[in-house]
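Peer 1:
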Amino acid sequence: WTDRVGPEKLRNVPAMVRWNTDKRYLAELDGAGLPVPPTLLIAPGGSVPDFGGRVVIKPVCGAGARDTGVFDDDNRDEGLDLITKLGEQDEIAMIQPYISWIDERGETAVMFFGGRFAYALKKKAFLPESGVAPVKPGTTVAAGMFDEDLMSLVEASPQEIELGAETVAWLARRFGS
């Protein structure tokens, strides 16, 4: 789709949009020294290590918290079932440590346009305490994504803006624009 539309009609070059649709990009960001959560990838049929605490499991390609859940050693079998499901769909699963402070503070998205900071949004936590996120009936999207107060406009901290600017600069070097 991005190639058909072409770079002259998109705000981001097709290669960047393609790259950003697969969360395996986290390894490249990590290699560039940008802070990302430790991420373990599990190919279809691959072996799964002990969780070693609470983890989030999700597909590397997806949105709306589709097939995403929170697991620990107490409900490991349910987590393994999700990894198996993803493998049967020929999808790579990713496992990341559960970041507990997101429950209290949420996640901040800093928006940049033309390389300049524009505004910030806060997304509240909505994953269940344990298990796969419930889906809104008639969709494949997690019900929490439809909460009216899921996102709110916030003031970004200087550190969040600085990290966003570093990331935007890295992306400009990586994709040549």
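The sequence shown begins at 2 in our numbering and counts up by one. Glycine residues also receive a C-beta, built at the ideal position from the N, C-alpha and C atoms.
Span of the alpha helix (DSSP H) holding K59?
Peer 2: The residue you call residue 59 lines up with position 58 of the sequence shown. From DSSP, K59 is part of no alpha helix (DSSP H) but of the beta strand (DSSP E) over 56 to 60.
Peer 1: Out of I84, E167, S153, state which residue places its alpha-carbon closest to the alpha-carbon of G46.
Peer 2: By one-based count along the sequence shown, residue 46 stands at place 45. Checking every option, the nearest Cα to that of G46 belongs to I84.
Peer 1: Roughly how many angstroms separate the alpha carbons of W2 and S178, rounded to a whole number?
Peer 2: One-based indexing of the sequence shown puts residue 2 at position 1. One-based indexing of the sequence shown puts residue 178 at position 177. Going from the Cα of W2 to the Cα of S178 covers about 20 angstroms.
Peer 1: With three or more beta-carbon pairs closer than 8 angstroms as the criterion, would you say the segment 70 to 81 touches the segment 105 to 116?
Peer 2: With a cut-off of 8 angstroms, the segment 105 to 116 and the segment 70 to 81 do not count as touching, because too few Cβ pairs lie within range.
Peer 1: Taking all protein chains shown into account, decide if G80 is buried (16 or more other Cβ within 10 angstroms of its Cβ) or exposed.
Peer 2: What you label residue 80 is simply residue 79 of the sequence shown in a count that begins at 1. So G80 ends up on the buried side.
Peer 1: Determine whether the beta carbon atoms of F118 and A166 lie at a separation below 8 angstroms.
Peer 2: In the sequence shown, residue 118 corresponds to position 117, counting from 1. In the sequence shown, residue 166 corresponds to position 165, counting from 1. Contact: yes.
Peer 1: Consult DSSP for L41 and reduce its assignment to one of helix, strand or coil.
Peer 2: Numbered from its first residue, the sequence shown carries residue 41 at position 40. Here L41 sits in strand by DSSP.
Peer 1: Could you name each continuous alpha helix (DSSP H) segment of 4 residues or more that falls completely within the segment 6 to 30, going from the start of the chain to the end?
Peer 2: Taking only runs of at least 4 residues, the alpha helix (DSSP H) segments lying wholly in the segment 6 to 30 are 15 to 21.
Peer 1: For the segment 69 to 104, list the beta strand (DSSP E) runs that are entirely contained and at least 3 residues long, ordered along the chain.
Peer 2: Fully enclosed beta strand (DSSP E) runs of 3 or longer: 70 to 72, 94 to 98.
Peer 1: Would you call A134 buried or exposed, if buried means 16 or more other Cβ atoms sit within 10 Å of its Cβ?
Peer 2: For this step, residue 134 is matched to residue 133 along the sequence shown. Buried is the call here.
Peer 1: Note down the Cα distance separating D104 from Y120, rounded to an integer number of angstroms.
Peer 2: The count along the sequence shown starts at 1 and reaches residue 104 at position 103. The count along the sequence shown starts at 1 and reaches residue 120 at position 119. Near 22 angstroms, if we compare the C-alpha coordinates of Y120 and D104.
Peer 1: If you draw a straight line from the alpha carbon of K123 to that of Q160, how long is it in whole angstroms?
Peer 2: Translated into the one-based positions of the sequence shown, residue 123 becomes position 122. Translated into the one-based positions of the sequence shown, residue 160 becomes position 159. Between K123 and Q160, the C-alpha separation is close to 15 angstroms.
Peer 1: Is it a yes or a no for the segment 59 to 70 touching the segment 141 to 159, going by three-plus beta-carbon pairs under 8 angstroms?
Peer 2: Yes: at least three Cβ pairs fall under 8 angstroms.
Peer 1: Alpha carbon to alpha carbon, how far is P138 from G34? Give it in angstroms, no decimals.
Peer 2: Position 33 of the sequence shown, counted from the first residue, corresponds to residue 34. Position 137 of the sequence shown, counted from the first residue, corresponds to residue 138. So the alpha carbons of these two residues sit roughly 40 angstroms apart.
Peer 1: Whose CA, out of L30, G132, P38, V169, lies closest to the CA of D82?
Peer 2: Here residue 82 is taken as the residue at index 81 of the sequence shown, counted from 1. Nearest option by C-alpha distance: G132.
Peer 1: Does T109 come out as helix, strand or coil in the three-state DSSP assignment?
Peer 2: Stepping through the sequence shown from its first residue, residue 109 is reached at position 108. In this structure, T109 counts as strand in the three-state DSSP scheme.
Peer 1: For R175, does the three-state DSSP call read helix, strand or coil?
Peer 2: Looking up residue 175 in the sequence shown gives position 174. Looking at R175 - three-state DSSP - the assignment turns out to be helix.
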